[in-house]
Amino acid sequence: MAAQAQRKINIGGGLSWGRPGWDVLDGQAGVYREPWQHHGKVWNTRLPSGVYDVVYTSHTLEHVPHFKIEQSMAEINRIMRPGGLLRISVPDLEKAARAYLEKDKSYFCNEDTIHPADHLGFGSMFMNQVISPGHQTLAFDSALEPLGSYAHTYNYDFEMLRILLEKWGFGDVVHSAYRESSLEELREPYAIEHAGTRYEVTDPHARTLTKTTRDFRFVGFDNKPAISLYVEARKVREAPYSLKAEFPYNRNARLDVEHAWKLKALALRLASRAVDALHEAYRGLKRLAGQA
Numbered sequence: 468m469a470a471q472a473q474r475k476i477n478i479g480g481g482l483s484w485g486r487p488g489w490d491v492l493d494g495q496a497g498v499y500r501e502p503w504q505h506h507g508k509v510w511n512t513r514l515p516s517g518v519y520d521v522v523y524t525s526h527t528l529e530h531v532p533h534f535k536i537e538q539s540m541a542e543i544n545r546i547m548r549p550g551g552l553l554r555i556s557v558p559d560l561e562k563a564a565r566a567y568l569e570k571d572k573s574y575f576c577n578e579d580t581i582h583p584a585d586h587l588g589f590g591s592m593f594m595n596q597v598i599s600p601g602h603q604t605l606a607f608d609s610a611l612e613p614l615g616s617y618a619h620t621y622n623y624d625f626e627m628l629r630i631l632l633e634k635w636g637f638g639d640v641v642h643s644a645y646r647e648s649s650l651e652e653l654r655e656p657y658a659i660e661h662a663g664t665r666y667e668v669t670d671p672h673a674r675t676l677t678k679t680t681r682d683f684r685f686v687g688f689d690n691k692p693a694i695s696l697y698v699e700a701r702k703v704r705e706a707p708y709s710l711k712a713e714f715p716y717n718r719n720a721r722l723d724v725e726h727a728w729k730l731k732a733l734a735l736r737l738a739s740r741a742v743d744a745l746h747e748a749y750r751g752l753k754r755l756a757g758q759a
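According to our numbering, the sequence shown is numbered sequentially starting from 468.
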């Protein structure tokens, strides 16, 4: 009997990432045309249980609010087969803390840093790695007044990830390094591919291509070695999620367990979808008017 092909998934890879034999899961809005492209959240993938032998996730978990990180770990465990390999890459809190203490501006303003925030000195550069502006997580006050939105909401060092992984069914946790995965395929660096040519992600021409054409794709894996932490682990047991199993710290101030806030959140979602539909209809009418 032929050996069963391994199933592999890149969580948070984006719609522009692709590799033969791999699935991708992402939470961004867009058109998921391919059967291997899945729309979902790290803590609610909506994928079947026990199907993946390899899970890779790069610079995604720092975007997950700490309220949801334990559920995310349990969800990754759920979709994996026993013995499956998980490789995680995130910004390294320890590296950032050391650079802050040593006043190492080159760390915070290198080619791996998208938006260095030096407006308040080294403190703001450090905090921008931990909590940064973006569009993934919205912030409201208790009166539902919008305050802003975030990209990064948390940061990790190796010890933090080891504790989370071991709690949620993983073992053999290893502090890895850039392109030093135990799986040879995962040693291929992150890159941009266009018209049969592969470019480094820092290549100015390739970066221009990502803004001027859709005929490109991201390929490969490890990225941003100067600021990243790399961790590998194996699934050693099942670890079904339950809110009661979470650390008390992560349960504190959770709003998704309060009925009043659930109703408010539902109302906001419905209103948001209605506004999106009206806006799309308006854009459609404008296009038709322009063609007339």
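Even for Gly, the Cβ is constructed at its ideal location relative to N, Cα and C. This structure is a prediction, so every number in the text was calculated from the model and none was measured.
When you compare the region 660–667 with the region 522–529, are there three or more beta-carbon pairs, one atom per stretch, that lie closer than 8 Å? Touching, no, given that fewer than three Cβ pairs across the two stretches are closer than 8 Å.
Whole-angstrom Cβ separation of L653 and R548, contact assumed at under 8 Å? As a first step, residue 653 must be located in the sequence shown, where it is residue number 186. As a first step, residue 548 must be located in the sequence shown, where it is residue number 81. Rounded to the nearest angstrom, the Cβ distance from L653 to R548 is 17 Å, too far for a contact under 8 Å.
Which residue wins for smallest C-alpha separation from H533, given the options E655, L628 and I659? Working through the sequence shown from its first residue, we reach residue 533 at position 66. Of E655, L628 and I659, the residue nearest in Cα terms is L628.
From the DSSP output, read off the bridge partner residues of P613. Indexing the sequence shown from 1 puts residue 613 at position 146. F607.
Can you give me the C-alpha to C-alpha distance between P487 and K691, rounded to a whole angstrom? As a working note, residue 487 is residue 20 in the sequence shown. As a working note, residue 691 is residue 224 in the sequence shown. Between the alpha carbons of P487 and K691 lies a gap of roughly 23 Å.
How many Å lie between E633 and G551 at the Cα? Locating residue 633 in the sequence shown gives position 166, where the first residue counts as 1. Locating residue 551 in the sequence shown gives position 84, where the first residue counts as 1. Annotation: E633 to G551 spans about 14 Å, alpha carbon to alpha carbon.
Every unbroken alpha helix (DSSP H) inside the region 568–593 [4 residues or more]: As for any alpha helix (DSSP H) of minimum length 4 sitting wholly inside the region 568–593, the runs are 572–575, ordered along the chain.
Touch check for the region 630–645 and the region 699–708: three-plus C-beta pairs under 8 Å? Yes, the region 630–645 touches the region 699–708.
For the region 686–749, which segments carrying the alpha helix (DSSP H) assignment without a break, of at least 4 residues, lie completely within its bounds, in sequence order? Listed in chain order, the complete alpha helix (DSSP H) runs (minimum 4 residues) inside the region 686–749 are 715–718.
Sorted by chain position, which residues of the same chain lie with C-beta nearer than 8 Å to W484's C-beta, five sequence neighbours on each side aside? One-based indexing of the sequence shown puts residue 484 at position 17. Correct list, in chain order: N477, V491, R684, F685 and V686.
First and last residue of the beta strand (DSSP E) that includes Q504? On the sequence shown, position 37 is the one that residue 504 refers to. Under the DSSP assignment, Q504 falls in the beta strand (DSSP E) whose first and last residues are Q504 to H506.
Would you call S493 buried or exposed, if buried means 16 or more other Cβ atoms sit within 10 Å of its Cβ? For the purposes of this step, residue 493 is taken as the residue at position 26 of the sequence shown. Residue 493 is actually Asp in this sequence, not Ser. With 16 or more other Cβ atoms within 10 Å, it is buried.
Compute every distance between the C-beta of Y666 and the non-hydrogen atoms of the ligand GDP, then say whether any falls below 6 Å. The model on display carries no ligand, and the ligand GDP is accordingly not part of it.
Whole-number beta carbon distance between I536 and N717, since they are thought to touch under 8 Å: Locating residue 717 in the sequence shown gives position 250, counting from the first residue. Locating residue 536 in the sequence shown gives position 69, counting from the first residue. Contact between N717 and I536 holds: CB atoms are separated by about 7 Å, below the 8 Å threshold.
Within this structure, are the beta carbons of R565 and D520 separated by less than 7 Å? Within the sequence shown, numbered from 1, the residue matching residue 565 stands at position 98. Within the sequence shown, numbered from 1, the residue matching residue 520 stands at position 53. No.
In whole angstroms, give me the CA-to-CA distance for N622 and R740. On the sequence shown, position 155 is the one that residue 622 refers to. On the sequence shown, position 273 is the one that residue 740 refers to. Straight across, the Cα-Cα distance linking N622 with R740 is about 31 Å.
Measuring CA to CA, which of M540, I694, A658 and K508 is closest to K766? No answer is possible for residue 766: it lies beyond the span of the chain, which begins at 468 and ends at 759.
Whole angstroms is fine: what's the gap from M468's alpha carbon to C576's? As a position in the sequence shown, residue 468 is number 1, starting the count at 1. As a position in the sequence shown, residue 576 is number 109, starting the count at 1. Residue placement at M468 is poorly supported in this model, since its pLDDT is 46, which falls under 50; the coordinates are not used for a value here.
Just to confirm, is the Cβ distance from Q471 to W510 under 7 Å? Against the sequence shown, residue 471 aligns to sequence position 4. Against the sequence shown, residue 510 aligns to sequence position 43. Result no, Cβ atoms of Q471 and W510 do not sit closer than 7 Å.
Give me the residue from H661, R500 and S556 with the minimum Cα distance to G479. Indexing the sequence shown from 1 puts residue 479 at position 12. It is S556.
Cα separation between V742 and Q495? Numbered from 1 along the sequence shown, position 275 holds the residue referred to as residue 742. Numbered from 1 along the sequence shown, position 28 holds the residue referred to as residue 495. Cα to Cα, the separation comes out at about 18 Å.
S643 classed as buried or exposed, judged by whether at least 16 other C-beta atoms fall within 10 angstroms: Residue mapping note: residue 643 aligns to position 176 of the sequence shown, counting from 1. Buried: at least 16 other Cβ atoms inside 10 Å.
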